[in-house]
Amino acid sequence: MKKFVLGLIRLYQRIFSPLKGQPTCRFYPTCSVYAYTAVSRFGVLRGGWLALRRILRCHPFNPGGIDPVPDKFTLRKIKNERKQK
Numbered sequence: 001m002k003k004f005v006l007g008l009i010r011l012y013q014r015i016f017s018p019l020k021g022q023p024t025c026r027f028y029p030t031c032s033v034y035a036y037t038a039v040s041r042f043g044v045l046r047g048g049w050l051a052l053r054r055i056l057r058c059h060p061f062n063p064g065g066i067d068p069v070p071d072k073f074t075l076r077k078i079k080n081e082r083k084q085k
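Each residue of the sequence shown is one higher than the one before, counting from 1 in the numbering used here.
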């Protein structure tokens with residue numbers, strides 16, 4: 001399953017992403033690179049969760065910036081984000 005999901009991400013990167021022209025992601029690394037790295041590092045469920053959260057943050061009202069994939073998967077960051085709001 002992991003190889004299949006990684007293949008879908010690569011398919012998007014090689015075929016669909018170039019059709020958009022210049023990169024539109026507000027973050028570095030781009031959302032597709034982030035998703036590929038997260039799924040490679042943590043598997044489909046945990047990596048997919050991280051990728052989904054990242055994609056949901058990629059919108060015009062978010063300033064973006066540098067946002068690397070974490071070294072360890074933890075829900076602590078989510079709890080800290082909720083406390084800050």
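Where is the CB? At the ideal position from N, CA and C, for every residue including glycine.
Computed from a prediction, not measured in an experiment: that's the story for all the values here.
- By the C-beta density criterion, L50 is buried, having at least 16 other C-beta atoms within 10 angstroms.
- Comparing alpha-carbon positions, the option among G65, V39, L56 lying closest to K72 turns out to be V39.
- In terms of Cα proximity to P63, the closest of R54, V69, P70 is R54.
- For L52, the uninterrupted alpha helix (DSSP H) segment begins and ends at 31-57.
- For I9, the enclosing alpha helix (DSSP H) covers residues 2-11.
- Under DSSP, G65 takes part in a beta bridge, and its partners are F27.
- The closest CA to that of P70, considering only C58, F42, P60, is found on F42.
- Counting the other Cβ atoms within 10 Å of the Cβ of G47 gives 16 or more, which makes it buried.
- Straight-line measurement puts the Cα of Y28 at about 20 Å from the Cα of I15.
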